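**Student:**
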């Protein structure tokens, strides 16, 4: 068995689980390098006027960092199936890019709908129509920054695991797992804000 070891000062974690190692490493890096907030950017967890939700933090995904905006309220979540049970969708496998995953799923002309992605792609707040279903790495990041915004544990991500499963995030204990695509989980849209 191959173990991955992550250390921070006197604390060491050895695990065969690469996802757990990545989550722990992300927390260590975030704690070691506090990011100065530019003027006009609300604190993490605070509502961002005109942007459609709460500042979820500066995510280091893609070619350039972006803030994740998380809408709140009863209309900003739904209990839905991921959809497409039994179908493997090539364009929905990114662990980082929830926007690309959602675009592929929401515009799919396949036999099965993808209700979770479609809900997020159709969401609108403060005049913004660019919401999407978060990727598994975006979900793991939001679990470390604003987990209190998520009312119940299991939320779908846009990252597909296989033809029958997709990744979901437990925002209560911080577990990334996968569930059957035909199971219902909570769905919460997010959007990007580049500075």
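Numbering (my numbering), first residue to last: 3 to 197.
Just so it is clear, CB atoms sit at the ideal spot from N, CA and C, and this is done for glycine as well.
These numbers come from a predicted model, not from an experiment.
(1) Please identify the residue among 131, 74, 184, 196 whose C-alpha is closest to the C-alpha of residue 86.
(2) Under DSSP, the beta strand (DSSP E) around residue 72 begins and ends at which residues?
(3) If distances are taken between C-alpha atoms only, which option among 151, 26, 89 comes closest to residue 46?
(4) Strictly by DSSP, which residues pair up with residue 178?
(5) Can you tell me whether residue 104 is helix, strand or coil according to DSSP?
(6) Would you report the Cα separation of residue 56 and residue 74, rounded to the nearest angstrom?
(7) Going by beta carbon distance, what residues of the same chain come within less than 8 Å of residue 182, once the five residues before and after it are set aside?
(8) Out of curiosity, what's the CA-to-CA distance linking residue 122 and residue 40?
(9) Using the Cα positions of residue 115 and residue 9, report the straight-line distance between them to the nearest angstrom.
(10) Have a look at residue 98 and residue 155 and give me their C-alpha separation to the nearest angstrom.
(11) How long is the line joining the alpha carbons of residue 158 and residue 84, rounded to whole angstroms?
(12) Output yes or no for whether 9 Å exceeds the beta carbon distance between residue 188 and residue 79.
(13) Just verifying my parser: in three-state terms, what is the DSSP assignment at residue 121?
(14) Around the C-beta of residue 90, are 16 or more other C-beta atoms found within 10 angstroms, so that it is buried, or is it exposed?
**Tutor:** Let's see:
(1) 184
(2) 68–72
(3) 151
(4) 171
(5) helix
(6) 7 Å
(7) These residues qualify, in order along the chain: 87, 166, 167.
(8) When rounded, the distance between both Cα atoms is 28 Å.
(9) 43 Å
(10) For residue 98 and residue 155, the distance between alpha carbons rounds to 21 Å.
(11) 7 Å
(12) Between residue 188 and residue 79, the gap from beta carbon to beta carbon is short of 9 Å.
(13) helix
(14) exposed
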